[in-house]
Structure formats: C-alpha cells, structure tokens
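The block underneath contains the structure these notes are about, expressed in structure tokens.
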Amino acid sequence: MKKMFSKILVATAAVAMSSVLIAQTAEKTASPAGAQLYIVSPQNGATVSQTFNVVFGLQGMGVAPAGVQTANTGHHHLLVDGAELPDLNAPLGTAVTHFGGGQTQTTLTLTPGQHTLQLILGDHLHTPHNPPVVSEKITITVQ
Ligand SMILES: [Cu+2]
C-alpha cells in the first residue's frame, strides 16, 4: 500500500512538471531566425528638435495589432530612457509605450538633452517573443 502511494506521488509530480514546461513554452510566441527590429529615424547620435518623429523598422516579421494572433507578427513597444530592458518573459507594462494599433511610427516630445530610444516587439498578449526581438538602443540629443 505504501509503495503504491509513492508511485502515485511520482506520477503526479511528473505530470505537474511537464505541465509547467508546457506552460512556459506556450507563453512565448516564437520569432523567426533573422528577425530584425530597428529605429529607421532618428539615427543613432542625431540631434533633433523637441518634437520629432520616430519611425520603426522591422524585417523578417510583420506588424499586427495587439490581440491578433498571427504567426511571425507582433506590435511595437518604445522604451524611452530605459536604463535597462523590462522583463522580456512577461507581458510588457507601463515602462514602454504600446503601439497596439499596429502603428509603425510616432511623434515624441522630449526635454532638451540626451535621451535613449529602444524598440521591443511584443506578441498578441504584449509578451516579447522567443527569442526576443529588440532593437539596438540609440542615443539622441534633443535641442
Ligand atoms: Cu503591447
């Protein structure tokens, strides 16, 4: 009787562990090899006026609005002056601006001085892909 009980425990633990593994992989949407996210404009090191346009670039994937689940797509998130990236294993929160409508550019107004900009692609649930699709961080000077 005792032996049978321990077998059940082992089986239950195995099922629990495999469902955790499935949950972790299911949470993240796959990104295709070679997907590239970048800021078209302004260029790294550019000097811009206080109000300026930011143009988002994406290669190897498409843009889809938030909530729309289509393979190899995502929507843009802009991180302004982010000292470090937000958690890339969870839905992106308020540290970034979400472009859930599928926008590929925006207009920003920033205070004079140096600022950094970085893009992060998120899936239909705002979670970065696996592997994450993140642009280089650029530094600009606002006049
Ligand atoms: Cu989002």
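Sequential numbering from 37 applies to the sequence shown in our numbering. All residues carry an ideal CB built from backbone N, CA and C; glycine is no exception.
Near ligand 1: residue i beta-carbon under 7 Å from a heavy atom
i	result
residue 126	no
residue 151	no
residue 131	no
residue 134	yes
residue 102	yes
residue 165	no
residue 158	yes
Exposed unless 16 or more other CB atoms sit within 10 angstroms - verdict on residue i
i	result
residue 167	exposed
residue 137	exposed
residue 72	exposed
residue 51	Only weak support is given to the placement of residue 51: the predicted model assigns it a pLDDT of 44, under 50, and the question is left unresolved by the model.
residue 171	buried
residue 37	Confidence at residue 37 is low in this model, with a pLDDT of 47, below 50, so its placement is unreliable and the value that follows should be read with caution. Classification for residue 37: exposed.
N-terminal and C-terminal residue of the beta strand (DSSP E) that residue i is part of
i	result
residue 155	149-158
residue 93	87-95
residue 141	141-145
residue 177	174-178
residue 114	109-116
residue 79	Per DSSP, residue 79 belongs to no beta strand (DSSP E) and is neither H nor E.
With a threshold of 8 Å, are at least 3 pairs of Cβ atoms found where one atom belongs to the stretch 102-119 and the other to the stretch 129-145? Counting Cβ pairs under 8 Å, three or more are found: they touch.
Just checking, does the stretch 121-129 make contact with the stretch 92-104 on the three C-beta pairs under 8 Å criterion? The stretch 121-129 is not in contact with the stretch 92-104.
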